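S.K.: One structure, pasted below without further comment.
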Amino acid sequence: MSTTKSKYDVLFDEISAIADRASYRSQENKLKSFRIYLGIAIASALITILVAISNDVPEAYKLHIKIITLLLSGLTAVLAAWDGFYNHKQLWINYGESRNQLRAIQLKMKMMDENERKNNKLLDEIFKEFQEVMHHGNSNWKTLRMEKVDPNATKD
86 MSTTKSKYDV LFDEISAIAD RASYRSQENK LKSFRIYLGI AIASALITIL
136 VAISNDVPEA YKLHIKIITL LLSGLTAVLA AWDGFYNHKQ LWINYGESRN
186 QLRAIQLKMK MMDENERKNN KLLDEIFKEF QEVMHHGNSN WKTLRMEKVD
236 PNATKD
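Last residue of the sequence shown? That's 241 in this note's numbering, and every number before it is there in order.
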């Protein structure tokens, strides 16, 4: 015999699942952002060092130094373009903000007594708050993904 979950349980489980996903994605984007910035910094530092020592190395290694410098320069450009397109730092912030708002709703729900957990009007208000958090998160994601077009720009 199956038992139907209460409205409270369904709402709490859904908020918890989405908060957990937002938390995971926030951490994932934080790590990606860190790796990209660190990769760019290391490659840039190595380029500077290789350019500085390029005249002081034996002739047999000069070609190798030039190739490594060019590869690092290309890597820096690719990492910068990757970050410019995906913007992991802003995604980290957006997911973290959504996670924090969802955790606040979770806490509010945990604090409810038995009568409040059965109050449909109160649960509907919490559901509405949950939808607003989701809409705000989706709007932030969409805004981040859309190209900014200047409406005053003239077309040729």
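We put the CB at the ideal spot given by N, CA and C, even for glycine. As the structure is a computational prediction, the values presented were derived from the model and not from experiment.
Could you have a look at D105 and say whether DSSP puts it in helix, strand or coil?
M.R.: In the sequence shown, counting from the first residue as 1, residue 105 sits at position 20. Here D105 sits in helix by DSSP.
S.K.: Roughly how many angstroms separate the alpha carbons of L96 and F212, rounded to a whole number?
M.R.: For the purposes of this step, residue 96 is taken as residue 11 along the sequence shown, with counting starting at 1. For the purposes of this step, residue 212 is taken as residue 127 along the sequence shown, with counting starting at 1. Rounded to the nearest angstrom, the two C-alpha atoms are 7 Å apart.
S.K.: In the segment 115-197, which residue ranges form an unbroken alpha helix (DSSP H) of at least 4 residues, counting only runs that do not cross its ends?
M.R.: Listed in chain order, the complete alpha helix (DSSP H) runs (minimum 4 residues) inside the segment 115-197 are 144-171 and 173-195.
S.K.: Mark Y93 as exposed unless 16 or more other C-beta atoms lie within 10 angstroms of its C-beta, in which case mark it buried.
M.R.: The residue labelled residue 93 in the question sits at position 8 within the sequence shown. Counting Cβ neighbours within 10 Å, Y93 comes out buried, since at least 16 surround it.
S.K.: Got a sec, what are the start and stop residues for the alpha helix (DSSP H) K213 sits in?
M.R.: Looking up residue 213 in the sequence shown gives position 128. It spans N205 to R230 - the alpha helix (DSSP H) in which K213 sits, taken as one unbroken run.
S.K.: Count Cβ pairs between the segment 171-180 and the segment 107-120 that sit closer than 8 Å; are there 3 or more?
M.R.: The segment 171-180 vs the segment 107-120: in contact.
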